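Numbering (the working numbering), first residue to last: 1022 to 1319. Note that the Cβ used here is the ideal one computed from N, Cα and C, for glycine as well. Computed from a predicted model, the values in this text were never measured in an experiment. Comments concern the structure below.
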């Protein structure tokens, strides 16, 4: 049985959001209207009077911003652009407004049928770019915490997946395909992808990063060093690697499948078209680009 994604939400609130048990009292005196310049295209590092980057050099501020992964920066940039546009249409200052206005914006997102985690991303982006409210960030303001709890309760996230793979059926199907040498490139790469996932329990993003430049064949097992940061990397745990061991059944052996796949794709990788094909998994369709994470997930 193949897993089907329901939506992009987990069944629990963001652990960084601490819910307030009682309805908070909203008491803000920060001016929220008046002449507003268009801040929708500003970088988050360059706005918000309370941010430390305001007192840093350009080089230091740029380095400081690298604490976010590229995907996080992209999400926050998109969310901030939407928030700024909403504010500009109402002549509201997006970096210094009342908590009521922020709650109204979050409610707008809720009424647009956006899910809890999506709205929480907007909350985080606003919190990063907005001035402090009563000496606290937007995300830690009791009124915002309370409102996010209401959103979570009313639109509780569904499980990420409705069902999971039946591994026995998958392995039975793979065995039925026969010897690796008889398989087409399309079937072989699909088989290899599944065996890589099953034998490593690696994330899609990690399997996507497997690169021949960082592969070491030890005979009875193959090691891939992950050349870039993964989602689980953190200070003190930065070295990521995936190991794949031989299995007695050659039809289910990930090492034998991988070696056959490299043999089959050797000529494809040696073309002189300036396309980097050192990534392990390639599309079976010409011109055989490295596959994307979305392709692997499917």
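Member of the options whose CA lies at the smallest distance from the CA of residue i
i: residue 1181; options: 1136, 1157, 1190; result: 1136
i: residue 1116; options: 1221, 1149, 1236, 1099; result: 1149
i: residue 1263; options: 1194, 1244, 1112; result: 1244
i: residue 1100; options: 1088, 1138, 1121, 1082; result: 1138
i: residue 1205; options: 1282, 1267, 1221, 1275; result: 1282
i: residue 1165; options: 1145, 1178, 1183, 1179; result: 1145
i: residue 1241; options: 1294, 1104, 1269, 1209; result: 1269
i: residue 1167; options: 1179, 1197, 1208, 1124; result: 1124
i: residue 1152; options: 1118, 1277, 1317, 1271; result: 1118
i: residue 1318; options: 1272, 1217, 1290; result: 1217
i: residue 1229; options: 1246, 1086, 1085, 1105; result: 1246
i: residue 1308; options: 1197, 1163, 1294, 1111; result: 1294
i: residue 1232; options: 1140, 1171, 1311, 1183; result: 1311
i: residue 1106; options: 1126, 1087, 1121; result: 1126
i: residue 1134; options: 1177, 1273, 1191, 1196; result: 1177
Alpha-carbon spacing of residue i relative to residue j, whole angstroms
i: residue 1077; j: residue 1094; result: 19 Å
i: residue 1142; j: residue 1175; result: 18 Å
i: residue 1285; j: residue 1279; result: 10 Å
i: residue 1108; j: residue 1298; result: 46 Å
i: residue 1210; j: residue 1091; result: 29 Å
i: residue 1081; j: residue 1098; result: 20 Å
i: residue 1302; j: residue 1083; result: 34 Å
i: residue 1194; j: residue 1179; result: 30 Å
i: residue 1300; j: residue 1154; result: 47 Å
i: residue 1185; j: residue 1110; result: 45 Å
i: residue 1112; j: residue 1183; result: 44 Å
i: residue 1122; j: residue 1087; result: 30 Å
i: residue 1235; j: residue 1248; result: 7 Å
i: residue 1096; j: residue 1079; result: 22 Å
i: residue 1045; j: residue 1296; result: Only weak support is given to the placement of residue 1045: the predicted model assigns it a pLDDT of 41, under 50, and the question is left unresolved by the model.
Span of the beta strand (DSSP E), counted from its first residue to its last, around residue i
i: residue 1281; result: Run containing residue 1281: none in the beta strand (DSSP E); it sits in the alpha helix (DSSP H), 1275-1290.
Reduced DSSP secondary structure (H/G/I, E/B, other) of residue i
i: residue 1242; result: strand
i: residue 1227; result: helix
i: residue 1076; result: helix
i: residue 1264; result: strand
i: residue 1130; result: helix
i: residue 1124; result: helix
i: residue 1297; result: coil
i: residue 1272; result: helix
i: residue 1343; result: Past the boundaries of the shown model lies residue 1343; the chain is included only from 1022 to 1319, so the question cannot be answered.
i: residue 1232; result: strand
N-terminal and C-terminal residue of the alpha helix (DSSP H) that residue i is part of
i: residue 1093; result: 1091-1109
i: residue 1018; result: Residue 1018 lies beyond the stretch modelled for the chain, which goes from 1022 to 1319, so this question has no answer here.
i: residue 1188; result: 1188-1197
i: residue 1314; result: 1314-1318
8 Å Cβ cutoff, residue i in contact with chain C
i: residue 1317; result: Given the protein chain composition of this structure (a single chain), no chain C is represented.
Quiz item: In chain order, which continuous runs of the alpha helix (DSSP H) of length 4 or greater are located wholly inside the segment 1139-1180?
Solution: 1163-1175
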